[in-house]
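One structure is given here, and the rest of the page talks about it.
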Ligand SMILES: [Zn+2]
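Residue numbers (the numbering used here): 12 to 462.
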């Protein structure tokens, strides 16, 4: 059966390429200030028709709270079989500076065996991967299938999250595949099992009634900007590790390693510059908290004068690893900043909304079936990675569909350069992942389930 799936997927690859070219040509950036909204509607209709054509009996566009359209579909399975929800999104990041692209961002172009174009990987490559898997499997499917293609993922405006909360019936499933991540490297089957949460704050420091001359008052005058700099410097130790009083900061990642050379290349670290912090990259980026200064309000260099600043502010971004309560992490950051202020400077901290980290439950029948299918499709042992960023939808799914196992996979390996100029996808990832997804759907139909 595995051979049959494999040869069907291979046979369908030219179709997948043609379909990806059609999708990439649609400039479905969900930002009406930059791109005409009808490009998004066209992409949504294309996705609806493609899933209908692949055998999903009922697929419709639903307008969400942010004005985007979610494509939502359902094909019930045979009696007593589980249901799998397949997620993807059809909106894309804007291309950015088109001069930095070697080829037109909206024309799928092959170069050195990879296919280039905005959305070729994130996430249109995953849409064609789902279609390949479903067609290779053929109807009637062995399990119930739900599909959802989101229309505003890159905008982060929460339309789909609100729809899931309002219409849980549309997302009822035993296993949810959030297909918008990727393998650790081409050909290495990988599931993303954790996501960091977020707990941002804005800190304000005040010390003087107004600006005073640095010649006349410099020395004893409490400089608010100096106070802020001193406070911010306490948030990292000498090695560059994030240290927030009361927050654990020595957690270890237990999945696959993130090689330092790869991290340096992915992040664009300049030659000769060291990485911040001690320990493994995978610990630092997936298992530990990380503090980033997002912005500072103070006089810009051009136009600055010989004056001592009476007030200064900074916006801070705290990434919260799995296992840590984001509210408690934010409380700890607020207390740390208050304690770190020199000269009894006046400190106020505004809290922004917190987002929870996510950790998948990986000991259920869905994970067992998925892991076996990925290993069979790629011929290699499965690895697990985390992701430093957040996908709030995962927490919404786990709250609204608590019985569902949730797994993050996809065609977006590090060489894809998602969100950057010259985004590309490796067609072999689309092919292998489609085989894996089809094999998973077969295996899961026959898996032992407790409920
Ligand atoms: Zn994406």
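Think of the CB as a built atom: it goes at the ideal place given N, C-alpha and C, for glycine as much as any other residue.
1. If you draw a straight line from the alpha carbon of residue 32 to that of residue 376, how long is it in whole angstroms?
2. Going by beta carbon distance, what residues of the same chain come within less than 7 Å of residue 225, once the five residues before and after it are set aside?
3. Got a sec, what are the start and stop residues for the alpha helix (DSSP H) residue 57 sits in?
4. Kindly provide the chain-ordered list of residues whose Cβ lies closer than 5 Å to any non-hydrogen atom of ligand 1.
5. Please report the residue range of the beta strand (DSSP E) in which residue 99 lies.
6. May I ask you to report which of helix, strand or coil DSSP gives residue 17?
7. Strictly by DSSP, which residues pair up with residue 419?
8. From the DSSP output, read off the bridge partner residues of residue 170.
9. Considering only the beta carbon of each residue, do residue 204 and residue 266 sit closer than 8 Å?
10. So, with DSSP's three-state summary, where would you put residue 431?
11. Can you give me the Cβ contacts of residue 243 inside the same chain, cut-off strictly under 7 Å, excluding the 5 residues immediately before and after it?
12. Do the CB positions of residue 191 and residue 421 come within less than 8 Å of each other?
13. Which of the three DSSP states is assigned to residue 157 in this structure?
14. If residue 128 and residue 119 are in contact, beta carbons under 8 Å, what's the gap, nearest whole angstrom?
15. Considering just the uninterrupted stretch of the alpha helix (DSSP H) at residue 138, what are its terminal residues?
16. In its own chain, which residues sit with a C-beta less than 6 Å from the C-beta of residue 323, not counting the 5 before and 5 after it?
17. Applying the 10 Å Cβ sphere with the 16-neighbour rule, what's the burial state of residue 365?
18. In whole angstroms, what is the alpha-carbon distance linking residue 407 and residue 149?
19. With respect to the alpha helix (DSSP H) encompassing residue 350, which residues constitute its N-terminal and C-terminal limits?
20. Report the rounded CA-to-CA distance for residue 76 versus residue 354, giving the unit in angstroms.
21. Just mark residue 45 as buried or exposed, buried being the case when its beta carbon has 16 or more other beta carbons within 10 Å.
In short:
1. Taking the first residue of the chain shown as 1, we reach residue 32 at position 21. Taking the first residue of the chain shown as 1, we reach residue 376 at position 365. Per the coordinates, the alpha-carbon of residue 32 lies some 36 Å from the alpha-carbon of residue 376.
2. Against the chain shown, residue 225 aligns to sequence position 214. If we look at residue 225 and ignore the five residues flanking it on each side, its Cβ neighbours are 317, 318 and 319.
3. As a first step, residue 57 is located in the chain shown; it is residue number 46 there, counting from the start. Annotation: the continuous alpha helix (DSSP H) that includes residue 57 extends over 48-64.
4. Going down the chain, each residue whose beta-carbon is closer than 5 Å to a heavy atom of ligand 1 shows up: 133, 134 and 191.
5. By 1-based counting over the chain shown, the position of residue 99 is 88. That run of the beta strand (DSSP E) goes 94-100.
6. For the purposes of this step, residue 17 is taken as the residue at position 6 of the chain shown. In the three-state reduction of the DSSP assignment, residue 17 falls in the helix class, which pools H, G and I.
7. Taking the first residue of the chain shown as 1, we reach residue 419 at position 408. For residue 419, which the question treats as bridged, DSSP gives the partners 189 and 203.
8. Here residue 170 corresponds to residue number 159 of the chain shown, with the count starting at 1. DSSP output for residue 170 lists no bridge partner at all.
9. Residue 204 sits at position 193 when you count from the first residue of the chain shown. Residue 266 sits at position 255 when you count from the first residue of the chain shown. Residue 266 sits close to residue 204, with the two beta carbons spaced by under 8 Å.
10. What you label residue 431 is simply residue 420 of the chain shown in a count that begins at 1. In this structure, DSSP gives residue 431 a state outside helix and strand, which the three-state scheme calls coil.
11. The sequence position of residue 243 within the chain shown is 232, counting from 1. Excluding residues up to 5 positions away in sequence, 304 and 325 lie with their Cβ nearer than 7 Å to the Cβ of residue 243 in the same chain.
12. Against the chain shown, residue 191 aligns to sequence position 180. Against the chain shown, residue 421 aligns to sequence position 410. A contact, by the Cβ cut-off of 8 Å.
13. By one-based count along the chain shown, residue 157 stands at place 146. If DSSP states are grouped into helix, strand and coil, residue 157 belongs with the strands.
14. Here residue 128 corresponds to residue number 117 of the chain shown, with the count starting at 1. Here residue 119 corresponds to residue number 108 of the chain shown, with the count starting at 1. Contact holds; Cβ gap of about 4 Å.
15. Here residue 138 corresponds to residue number 127 of the chain shown, with the count starting at 1. Per DSSP, residue 138 belongs to the alpha helix (DSSP H) from 135-148.
16. The residue given as residue 323 occupies position 312 in the chain shown. Correct list, in chain order: 216, 235, 236, 239 and 309.
17. The residue you call residue 365 lines up with position 354 of the chain shown. When all chains shown are included, residue 365 counts as buried.
18. For the purposes of this step, residue 407 is taken as the residue at position 396 of the chain shown. For the purposes of this step, residue 149 is taken as the residue at position 138 of the chain shown. Cα to Cα, residue 407 sits roughly 31 Å from residue 149.
19. Numbered from 1 along the chain shown, position 339 holds the residue referred to as residue 350. Note, residue 350: alpha helix (DSSP H), 337-351.
20. As a working note, residue 76 is residue 65 in the chain shown. As a working note, residue 354 is residue 343 in the chain shown. Near 48 Å, if we compare the C-alpha coordinates of residue 354 and residue 76.
21. In the chain shown, the residue the question calls residue 45 occupies position 34. The residue is exposed, with fewer than 16 neighbouring Cβ atoms inside 10 Å.
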